[in-house]
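Single-structure report; data block below.
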Amino acid sequence: MRLLLIGIVLGALLMVPKLLQQQWAQQREQASLVASIRSAPLGSGEETHIDSQRGTVVVSGSSSPLTESMVQGAIGKRSAEESGYISVWNWQGLESVTASARGLDSLHHFANSYLVGFQPFDTEALWIPLYTLAIRKEYQYDHLQYAGLADIWQTSRQAYYQKRGDCEDHAILLADWLINLGVDARVALGTYNGDGHAWVVAVVDNTEYLLEATSKRRQSNWQAMPLAALAEGYDVEFQFNRDYFWAKTTSAPTRNYRGKHWIRKSQFIRG
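For reference, each letter of the sequence shown is one residue, going 51 to 321 in my numbering.
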């Protein structure tokens, strides 16, 4: 027994340098990532690229599409206060077929159009987009950033280069980046503890994860992300990605982002 214990102790001691080496390597990797993210320019360079957000929404069960010009025409008849918030649209007797919001150009665009296919850089580690947001982007309410305007959305590209943004801006960039990495990621719209909010749901290996895009915790492991089924306080109403818009068919709260209680209301055709 004594020899066995000595062997176990010696084995553990031999493993310590290896474990320390792995830890140091991970710390160096994270330090290198932090340095590269912080050194990326804010306010100059590729953020001047203007992505087209024009497109048409094909509504399931409708005989004709909903166009951006129709939406902007309807918004133009509203007061500045009324048009300052996200709008959920009904079309030809069908409810909640899509949503639009005001962009940095002061025009309303379909929600899907804000995911412009942008990723800052390629990576095989799915935790890096959220880690990058935690380091690079500050949270700030729209009315503080945009002289009292209630709700302004940034595209995914703008959200990366703009230093500040609110929950929609964080979620749009995170979802778009994950989609580029091959993840089924969606922006979720609803409430958190009763207040309007946007976050990201990502399906990996047929498992739903809820990603709080505004979190400033530097999670360096995908498995540290919470399962959607366990996330408390989130009440989702709608979801969208680059192509589709989903609405919940029941008023009952749910932590399941797929299933029969969801209906795909429309498809966004860019261009």
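Note that CB positions come from ideal geometry on N, CA and C, so glycine has one too.
Since we're looking at a predicted model, the values are computed, not measured.
Backbone secondary structure at residue i - three-state DSSP
i, result
"N140", "strand"
"L277", "strand"
"E287", "strand"
"R152", "strand"
"W177", "coil"
"E118", "helix"
Span separating the alpha-carbon of residue i from that of residue j
i, j, result
"L239", "R292", "15 angstroms"
"V147", "L116", "9 angstroms"
"R305", "Y259", "10 angstroms"
"S166", "V108", "With the sequence shown as reference, residue 166 is identified as Val, and Ser is not the correct amino acid for it. Cα to Cα, the separation comes out at about 18 angstroms."
"K310", "A274", "28 angstroms"
"W312", "W296", "6 angstroms"
"Y307", "L277", "11 angstroms"
"H193", "D245", "16 angstroms"
"T205", "R152", "11 angstroms"
"L183", "Y211", "11 angstroms"
"L261", "A279", "12 angstroms"
Boundaries (first-last residue) of the beta strand (DSSP E) holding residue i
i, result
"Q317", "W312 to R320"
"H159", "H158 to F160"
"G105", "G105 to V109"
"K187", "Segment: none, K187 is in no beta strand (DSSP E) and carries neither H nor E."
"G240", "D234 to Y242"
Minimum C-alpha distance to residue i - residue among the options
i, options, result
"D219", "A248, H193 and L199", "A248"
"K213", "Y191, A225 and G232", "Y191"
"A209", "T173, K187 and N162", "K187"
"A281", "I229, N243 and H159", "N243"
"T257", "I222, D234, D155 and A263", "D234"
"S316", "S102, L199 and G111", "G111"
Cβ-Cβ distance between residue i and residue j below 8 angstroms
i, j, result
"L176", "V254", "yes"
"R267", "V251", "no"
"G321", "G105", "yes"
"F288", "A149", "yes"
"R128", "F168", "no"
Residue i, enclosing alpha helix (DSSP H) - first and last residue
i, result
"H220", "C217 to N230"
"D192", "D192 to Q195"
"Y326", "An answer regarding residue 326 cannot be provided, because it is not within the stretch 51 to 321 covered by the chain."
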